[in-house]
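Using my numbering, read the sequence shown as starting at 8 and increasing by one per residue. Below you'll find the structure, written out as structure tokens, and then a few comments.
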Amino acid sequence: MKRYHLLFALTAIFALLLGACGAPPTLPAEEAPAEAPAEAAAPAADATPTPIVSELGQGDVQLIFWHGLTGPDGVTLQAMVEQFVADNPDISVRIESMPWGIYYDKLLAAMVSGDPPDVFVIHEFNTAGYVRQGVLRPSTDLFEGDGGTLPVDDFKPELLERLEFDGVRYGVPLDNLGWGVWINRDLFTAAGLDPDVPPTNGQELIEMAQELTLDANGNHPYDPDFDASNVAQWGITVSNPKNLYQSVLWQYGGDIFSG
Numbered sequence: 008m009k010r011y012h013l014l015f016a017l018t019a020i021f022a023l024l025l026g027a028c029g030a031p032p033t034l035p036a037e038e039a040p041a042e043a044p045a046e047a048a049a050p051a052a053d054a055t056p057t058p059i060v061s062e063l064g065q066g067d068v069q070l071i072f073w074h075g076l077t078g079p080d081g082v083t084l085q086a087m088v089e090q091f092v093a094d095n096p097d098i099s100v101r102i103e104s105m106p107w108g109i110y111y112d113k114l115l116a117a118m119v120s121g122d123p124p125d126v127f128v129i130h131e132f133n134t135a136g137y138v139r140q141g142v143l144r145p146s147t148d149l150f151e152g153d154g155g156t157l158p159v160d161d162f163k164p165e166l167l168e169r170l171e172f173d174g175v176r177y178g179v180p181l182d183n184l185g186w187g188v189w190i191n192r193d194l195f196t197a198a199g200l201d202p203d204v205p206p207t208n209g210q211e212l213i214e215m216a217q218e219l220t221l222d223a224n225g226n227h228p229y230d231p232d233f234d235a236s237n238v239a240q241w242g243i244t245v246s247n248p249k250n251l252y253q254s255v256l257w258q259y260g261g262d263i264f265s266g
């Protein structure tokens, strides 16, 4: 019989930022130079980080819980699980946390071997792939109104919708990290837009972005002569979340250095 598993979907617009929370892999130790044979070569360290394991609770029913939150967010999650086992003394939880850099590879290997964790955290944008593979237990019946106890009103409807496939919900939102919109006031003014009146919905964002987008001849995307292959100014850009930190770093006079 196929074994199904419940997941916590990490619903985050820039969820990959969490990858920075994990410690970097341990690098192999350098060998002693060849011209110094008297010194033994240092043993190579294991390049694969070892998962951090926590055993919580004394209950006979054990849940295996995997996640990649190895920073302060992991400490908060640990406290939540500690409260859970205190409220449910018949359940014990074995937590295994590891950096995102190795997390998905280990999760895939566990899936293939037929021995995955009972509960695990994945990013929302990965949910569809796991649904297609048929390895997730539907979570619809865990919510109020469908036989469960989870209050639907505790979650933003948009987050729950992102976890629904063919009318079936999978996972429970764990957190939601939202982007802010930054406006270039000079470009807004040059385009005839009021920088003090930002977009309030998706349609307004598209319309303003079209006004701000220009090809080399000054045409907008809605103009018939607009040359999409020769754009001089884009009205909006969404960068890799890591670049956000670089921008803030330089704005505050910082810089990147190599150790």
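Virtual Cβ for every residue (Gly too), placed ideally from N, Cα, C. These figures come from a predicted structure and were not determined experimentally.
May I have the straight-line CA-CA distance separating D161 from I243, to the nearest angstrom? By one-based count along the sequence shown, residue 161 stands at place 154. By one-based count along the sequence shown, residue 243 stands at place 236. Their Cα atoms are separated by approximately 32 Å.
DSSP state of F150 mapped onto helix, strand, coil: Within the sequence shown, the letter at position 143 stands for residue 150. Correct three-state label for F150: strand.
Determine which residues share a DSSP beta bridge with H227 and list them. For the purposes of this step, residue 227 is taken as the residue at position 220 of the sequence shown. DSSP, once it has assigned bridges, lists no residue as partnering H227.
Distance check for G121 and R144, CA to CA, integer angstroms please. Position 137 of the sequence shown, counted from the first residue, corresponds to residue 144. Position 114 of the sequence shown, counted from the first residue, corresponds to residue 121. Cα to Cα, R144 sits roughly 15 Å from G121.
May I ask you to report which of helix, strand or coil DSSP gives P124? Locating residue 124 in the sequence shown gives position 117, counting from the first residue. Three-state result, P124: coil.
In this structure, does DSSP put L259 in helix, strand or coil? The residue labelled residue 259 in the question sits at position 252 within the sequence shown. Just to set this straight, residue 259 is Tyr in the shown sequence, not Leu. Reduced to three states, the DSSP call for Y259 is coil.
Could you compute how far the alpha carbon of G141 sits from the alpha carbon of T134? For this step, residue 141 is matched to residue 134 along the sequence shown. For this step, residue 134 is matched to residue 127 along the sequence shown. Roughly 11 Å between the two C-alpha positions.
Considering only C-alpha positions, which residue in the set L184, L114, W257 and R101 is nearest to E62? The residue you call residue 62 lines up with position 55 of the sequence shown. That would be R101, whose Cα lies nearest to the Cα of E62.
Return the chain-ordered list of same chain residues with a C-beta closer than 7 Å to the C-beta of L194, the five sequence neighbours on each side being excluded. Mapped onto the sequence shown, residue 194 falls at position 187. The residues are L219.
Rounded C-beta distance between F172 and V126? I'm assuming under 8 Å. If you number the sequence shown from 1, residue 172 lands on position 165. If you number the sequence shown from 1, residue 126 lands on position 119. Contact flag wrong, Cβ pair sits at about 19 Å.
Kindly provide the ranges of any beta strand (DSSP E) runs that are 3 or more residues long and lie completely inside the segment 153-232, ordered along the chain. none
On the CB-based measure, 16 or more other CB atoms within 10 Å of its CB, does W241 come out buried or exposed? In the sequence shown, the residue the question calls residue 241 occupies position 234. When all chains shown are included, W241 counts as exposed.
Go ahead and pull the three-state DSSP assignment for W73. On the sequence shown, residue 73 is found 66 positions in, with the first residue counted as 1. Residue state, collapsed to three classes: strand.
Could you give the residue range of the alpha helix (DSSP H) that holds Q90? Within the sequence shown, residue 90 is the residue found at index 83, counting from 1. Looking at the DSSP string, the run of the alpha helix (DSSP H) that includes Q90 is P79 to D94.
Residue burial classification, P158 (beta-carbon count within 10 angstroms, cutoff 16): Taking the first residue of the sequence shown as 1, we reach residue 158 at position 151. By the neighbour-count rule (16 or more Cβ atoms within 10 Å), P158 is not buried but exposed.
Got a sec? Which residues, its chain only, sit under 8 Å from G154 by beta carbon, not counting five neighbours each side? The sequence position of residue 154 within the sequence shown is 147, counting from 1. Excluding sequence neighbours, G154 sits near D148.
Could you give the first and the last residue of the continuous alpha helix (DSSP H) run that contains A135? Residue numbering aside, residue 135 sits at position 128 when the sequence shown is read from its first letter. Taken as a continuous stretch (DSSP letters only), the alpha helix (DSSP H) holding A135 covers T134 to Q140.
Return the bridge partner residues of S265 from the DSSP annotation. Walking along the sequence shown from the start, residue 265 turns up at place 258. According to DSSP, S265 bridges with nothing at all.
Just to check my reading of the structure: N183 and L166 have Cβ atoms closer than 8 Å, yes? What is that Cβ distance to the nearest angstrom? Counting from 1 along the sequence shown, the entry for residue 183 is found at position 176. Counting from 1 along the sequence shown, the entry for residue 166 is found at position 159. The Cβ separation is near 6 Å, so the contact holds.
Buried or exposed for G29, going by 16 or more other Cβ atoms inside 10 Å? Translated into the one-based positions of the sequence shown, residue 29 becomes position 22. Any reading at G29 must be qualified, since the residue scores a pLDDT of 35, below 50, and its modelled position is unreliable; the value itself is stated next. Looking at its Cβ environment, which holds 16 or more other Cβ atoms inside 10 Å, G29 is buried.
Could you work out which residue in T156, P180, G152 and F150 is closest to K163 when comparing CA atoms only? Against the sequence shown, residue 163 aligns to sequence position 156. Among T156, P180, G152 and F150, the Cα nearest to that of K163 is on P180.
Taking the alpha carbon of V60 as the point to measure from, which residue in G66, V82 and V119 has its own alpha carbon closest? Against the sequence shown, residue 60 aligns to sequence position 53. V60 has its Cα closest to that of V82, out of G66, V82 and V119.
Indicate, with yes or no, if the ligand NAD has a heavy atom lying under 6 Å from the CB of D230. With respect to the ligand NAD, the structure shown offers nothing to examine, as it has no ligands at all.
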